Amino acid sequence: MFRHKKKEILCSEPLVYIIKGFMSHSNCDELIKFVADDLTKSTEIHADGTDSITTNRTGTDKHIKNKECKANDKHRKALSKLLSVRRSLFEKSLVINYKDGQQYKPHFDQGSGLEQQRIATAICYLNDVEEGGETVFPKLNITVKPQKGDMLYFKYDYPDNNVNRLTLHAGRPVLPNQEKWIHTTWICEKKL
Ligand SMILES: O=C(O)CCC(=O)C(=O)O
23 MFRHKKKEIL CSEPLVYIIK GFMSHSNCDE LIKFVADDLT KSTEIHADGT
73 DSITTNRTGT DKHIKNKECK ANDKHRKALS KLLSVRRSLF EKSLVINYKD
123 GQQYKPHFDQ GSGLEQQRIA TAICYLNDVE EGGETVFPKL NITVKPQKGD
173 MLYFKYDYPD NNVNRLTLHA GRPVLPNQEK WIHTTWICEK KL
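With the working numbering as the guide, the letters of the sequence shown map in order to residues 23 to 214.
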């Protein structure tokens, strides 16, 4: 049984919205616990499909395979139902941890180098962050404060490239003594 939560539309084109409390606090805790001892440095994907550690994307992360973590499967099921998109079109979800100055500088989620063409992103915040670590869309003047359980969704499958370029976004640096955990699922246009 999924709870139906209200979307708070932050922008209608490109579509950007938040659903407060989309993920239960116990699911958030379970996801952090599942990956906490197995994180590796985040990498950036380049146009030629290779990836490497860069200063644009710091932090650490772990991909979660289907069926290895109940909390992950539960979330993906709820997301699939919300979006009416089958789970086979979701990339493997990624849990990311940022500490002390770590960030993800402005970037787009779609583009060359990816195996599949992404069309949308769903980010769940797994903890509250007092200050810093906001997700920002500089061209849309949107700032989202990480709050445990909230989900940010945005899409970029518009034929108008100018609209897509408005989805430039970043994870701002996390302040000293603060920590930020997110769970990201990218939705793809079609299965490989
Ligand atoms: O850390 C954030 O708030 C944003 C993460 C992000 O941009 C991404 O995973 O694509």
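Backbone N, C-alpha and C define an ideal beta-carbon position, used for all residues, glycine too.
As the structure is a prediction and not an experimental result, all values here were calculated from the model.
In this structure, the C-beta of residue 205 stays at least 7 Å away from each heavy atom of ligand 1. The continuous alpha helix (DSSP H) containing residue 92 extends over residues 92 to 105.
Residue pairing of residue 190 in beta bridges, as defined by DSSP: absent, with no partner found. Taking 7 Å as the cut-off, the C-beta of residue 145 counts as close to a heavy atom of ligand 1. Around the beta-carbon of residue 60, fewer than 16 other beta-carbon atoms lie within 10 Å, marking it exposed.
Here DSSP, grouped into helix, strand and coil, assigns residue 73 to strand. It is roughly 11 Å from the alpha-carbon of residue 114 to the alpha-carbon of residue 205. In this structure, 152 is the residue among 181, 152, 173 and 183 with its C-alpha nearest to the C-alpha of residue 198.
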